Amino acid sequence: MGMIEAILLTVITAATPLVIASLGELVTERSGVLNLGVEGMMVMGAAIAFAMTQVTGSPYLGLLAGIGGGALFSLLFGFLTLTLVANQVATGLALTILGLGISGQIGEPYVGVSGIKLPQIVVPVLSDIPFFGPVLFRQDLVFYLSITLVAGVSWFLFRSRTGLKMRAIGDNHASAHALGIHVIRTRYLAVMFGGACAGLAGAQLSLVYTPQWVENMSAGRGWIALALVVFASWRPWRVLAGGYLFGAVSISQLHAQAFGVGIPSQFLSALPYAATIVVLILISHNRRVTLINTPASLGKPFVPDR
Amino acid sequence: MKKLIFALATSAAVLGFTAATSAQDKTKVCFIYVGPKTDGGYSEAHDHGRQALEKALGDKVETAYLENVPEGPDAERAVERMARSGCALVFTTSFGFMDATIKVAQKFPDVKFEHATGFKSSENVGTYNARFYEGRYIQGVIAAKTSKAGVAGYIASFPIPEVVMGINAFMLGAQSVNPDFKVKIVWANTWADPGKEADAAKALADQGVDILTQHTDSTAPMQVAAERGIKAFGQASDMIAAGPQTQLTSIVDTWGNYYIKRTEAVIDGTWKSEQIWDGLKDGILEMAPYTNMPDDAKALAEETEAKIRSGELHPFTGPVKKQDGSDWLADGEVSDDGTLLGMNFYVAGIDDKLPD
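So this is what it looks like as structure tokens:
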């Protein structure tokens with residue numbers, strides 16, 4: 096296996112959780128809800144997935160538990176912000192802090208325990224293609240899911256009737272309500288989809304990326320996922336591109352260090368963030384495009400008139 | 015959330031303490047950790063020390079701890095709460111608790127404080143630290159003896175003197191076996207981010223190193239090494255469970271012996287403020303069993319450890335040149351502790367550029 100294949104494999108592992116978590120948040124935000132609790136839901140998913148894998152011995156059950164755990168946890172956010180109309184920003188931040196605390200308790204018995212890695216699924220025939228085969232078709236289930244999810248969400252948002260309604264809610268919830276669309280119900284579902292995705296991303300951390308449980312192991316990836324949504328101007332395929340750009344720059348800087356280029360490591364460490372900010376500025380430069388894609392009701396509370 | 019629970023637990027412990035009549039003979043020893051007590055690394059090693067203390071002195075002591083205490087203004091409240099709750103001796107176990115410890119100690123002259131890895135002390139504040147570089151030197155010897163590639167990968171956290179000292183000790187140990195030995199250094203700029211540590215380990219493995227060593231806290235690099243079929247050194251605790259066929263040895267922090275010694279001093283009334291920097295011979299750190307290496311490498315590692323223990327060998331003994339080629343230690347000259355504790359340069363033979 097060549098160096099470039101090796102680097103690509105590492106990039107894929109690093110980018111997959113960002114893409115998945117980001118995609119979930121994208122759907123949530125498209126419905127007009129800003130959930131800043133991605134980091135908390137992600138770390139909850141990681142803890143629950145690891146614990147379930149240890150209890151049952153099956154990483155697939157762990158994966159399911161991570162997804163379910165993330166969705167359930169996001170329901171708390173949904174109840175507070177959609178039913179009780181609490182401030183979304185404050186509730187999201189609280190969700191992150193709460194998630195970090197609870198996940199620490201859930202994971203406590205599993206610290207230092209060696210995890211079970213999600214097995215590789217080798218796609219017959221395709222995996223024999225030179226270069227691309229080993230990189231793209233000898234992966235774990237979560238990677239295949241991540242690509243399917245991007246395509247699925249893109250189709251859902253821009254090609255399906257329900258997706259159109261959801262975007263309508265995100266752009267103007269009062270009008271959508273007047274048209275008889277269920278604003279709160281749709282938003283609940285969107286929030287739970289975001290939670291499930293964050294949970295899946297967390298499960299990838301503790302079952303694929305580094306099969307172990309360490310407190311606070313998401314280490315800020317939830318915040319990067321949040322930033323990627325804006326970076327991608329709320330478009331699913333751009334989330335994929337952004338996640339991979341961020342992953343590629345993060346991994347290349349490590350290689351550059353190991354190779355011994357004489358650039359200060361602090362600068363290299365900041366490079367993925369800097370690159371993302373630069374692209375963000377370039378994109379938001381075109382105000383028209385940004386305005387078209389930004390959900391206009393994002394973060395605004397909705398109280399239906401009864 | 016967790017802090018709140020422990021705050022409640024601590025207050026409950028205090029109430030229980032005043033209620034029990036027999037409790038008066040007990041000496042209360044308190045600990046403050048920067049991370050969770052189950053971080054699998056640094057804070058866990060301190061908590062093992064606390065447990066060893068309870069076990070050794072039994073009825074004579076009672077212990078309490080606060081975990082996940084952030085460095086900075088919050089630390090002061092934590093230290094003060096401990097001091098108020100009747101602790102006779104408080105161990106503040108992270109570098110960033112230094113100023114908070116000094117400040118609170120002024121208000122509680124009857125309470126003894128010990129601060130780990132710091133450099134400020136006073137009448138009732140002592141400092142303690144371990145000479146981890148002794149272990150790093152032994153690891154360097156093993157690396158040079160067992161590596162076929164002649165190059166090791168080093169996952170470093172932050173360019174502070176403690177870490178730079180470790181890299182230099184590792185390199186000097188390696189050079190004592192193979193003068194041309196190389197080390198590839200990756201700064202992860204984190205103490206604990208398993209994902210990033212794993213990425214760094216993969217990058218180093220992809221570039222052909224066949225030995226990994228780390229100055230970060232998680233077992234992720236060990237797992238990557240196991241996957242790639244190369245060898246690795248553990249960090250802070252024995253990580254053999256993460257790599258039964260992979261770990262060569264590990265520097266294990268064994269603070270327990272020290273905590274017992276100092277608590278006994280408080281009980282006897284002989285405690286006084288000291289600046290302690292103990293090494294292998296004092297039992298403040300240990301090497302995990304030498305495994306997964308040929309017999310000659312194991313013999314050499316054991317011999318090196320014995321020499322360091324007996325004082326025959328100091329890892330920083332001249333002739334040593336700095337990276338820029340200037341002289342640092344003359345033939346036979348041993349570095350003073352002050353230079354080591356403020357180390358901000360590489361020794362010759364390291365290609366990396368030290369981040370400023």
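First to last, the protein sequences are chains A and B. For the first sequence, my numbering begins at 96 and goes up steadily by one. For the second sequence, my numbering begins at 15 and goes up steadily by one. C-beta: ideal position from N, C-alpha, C; glycine also. Please read all numbers here as calculations on a predicted model, not as lab measurements.
Taking Cβ to Cβ, would you say V128 of chain A is nearer than 8 Å to V286 of chain A?
-> yes
Pull up the distance between the alpha-carbon of T331 of chain B and that of E300 of chain B, whole angstroms please.
-> 22 Å
Whole-angstrom distance between D61 of chain B and V8 of chain B, CA atom to CA atom | Shown here, chain B extends from 15 to 370; a query on residue 8 of chain B therefore has no answer.
Span of the alpha helix (DSSP H) holding I288 of chain B?
-> According to the sequence as given, residue 288 of chain B is Glu; it is not Ile. Note, E288 of chain B: premise wrong, no alpha helix (DSSP H); not H, not E.
For D350 of chain B, count neighbouring Cβ atoms within 10 angstroms of its own Cβ and tell me buried if that reaches 16, exposed if not.
-> exposed
What is the residue span of the beta strand (DSSP E) that W342 of chain B lies within?
-> 341 to 343
The beta strand (DSSP E) spanning C44 of chain B covers which residue range?
-> 41 to 46
Straight-line gap, E176 of chain B to P303 of chain B (C-alpha atoms, nearest Å) = 24 Å
Proximity test, Cβ basis, 8 Å: N203 of chain B and chain A = yes
For G339 of chain B, which residues of its own chain have a beta-carbon under 8 Å away from its beta-carbon, when the five flanking residues on both sides are left out?
-> A362
For S78 of chain A and chain B, any beta-carbon pair shorter than 8 Å?
-> Chain A is shown only over 96 to 401; residue 78 of chain A falls outside these bounds and no answer can be derived.
Do you know offhand how far L236 of chain A's Cα is from P219 of chain A's?
-> 15 Å
Using a beta-carbon distance below 8 Å, is T141 of chain B in contact with chain A?
-> no
Which residues bound the alpha helix (DSSP H) around H407 of chain A?
-> This structure gives no information on residue 407 of chain A, because the portion of chain A shown stretches from 96 to 401.
Report all residues from its chain with a CB closer than 7 Å to the CB of M185 of chain B; omit the five preceding and five following residues, and keep chain order.
-> G154, V197, V361, G363, I364
What residues in its chain sit with their C-beta under 6 Å from that of A114 of chain B, if we drop five residues either side in the sequence?
-> A89, E90, V93
Specify, as a first and last residue, the run of the alpha helix (DSSP H) that Q149 of chain A falls within.
-> 133 to 151
Start-to-end residues for the beta strand (DSSP E) that takes in S264 of chain B = 261 to 267
Given T11 of chain B as reference, the closest of B:D341, B:I169, B:V139, B:I281 once Cα atoms are compared | Outside the shown range of chain B (15 to 370) lies residue 11 of chain B, about which nothing can therefore be said.
Distance, Cα to Cα, I116 of chain B vs G165 of chain A?
-> 43 Å
Integer-rounded CB distance, given that M179 of chain B should sit under 8 Å from Y147 of chain B | 5 Å
Alpha carbon to alpha carbon, how far is K126 of chain B from S136 of chain B? Give it in angstroms, no decimals.
-> 10 Å
contact_flag[the region 104 to 112 of chain B, the region 72 to 87 of chain B] where n(CB pairs < 8 Å) is 3 or more = yes
Who are the neighbours of P208 of chain B on chain A, taking C-beta pairs under 7 Å?
-> T305, Q307, V309, M312
Could you round the C-beta distance between G342 of chain A and L113 of chain A to whole angstroms and report it? I think they count as a contact, below 8 Å.
-> 7 Å
Sequence-distant residues of the same chain with beta carbon closer than 8 Å to Y239 of chain A, five excluded per side | I216
Taking C-alpha atoms, which residue in A:V324, A:Y283, A:I102 lies nearest to F174 of chain A?
-> A:Y283
Going along the chain, which residues of the region 223 to 250 of chain B sit with their C-beta nearer than 7 Å to a C-beta in chain A?
-> S232, T233, A234, Q237
For L323 of chain A, decide whether its Cβ has a neighbour in chain B, counting only Cβ atoms nearer than 8 Å.
-> no
Checking contacts by CB at 8 Å: is L129 of chain A closer than that to chain B?
-> no
Look at S232 of chain B and G248 of chain B and say whether their C-beta atoms are less than 8 Å apart.
-> no
Can you tell me which of the three DSSP states A206 of chain B falls into?
-> coil
Would you say the region 66 to 74 of chain B touches the region 265 to 277 of chain B, given that touching needs at least three Cβ pairs under 8 Å?
-> yes
Under 8 Å between beta-carbons, which chain B residues line up against H70 of chain A? List them in chain order, please.
-> Outside the displayed span of chain A (96 to 401) sits residue 70 of chain A, for which this structure offers no information.
Just list the beta strand (DSSP E) runs in the region 183 to 258 of chain A, keeping only unbroken ones of 3 residues or longer that don't cross its boundaries, in chain order.
-> 215 to 217, 233 to 235
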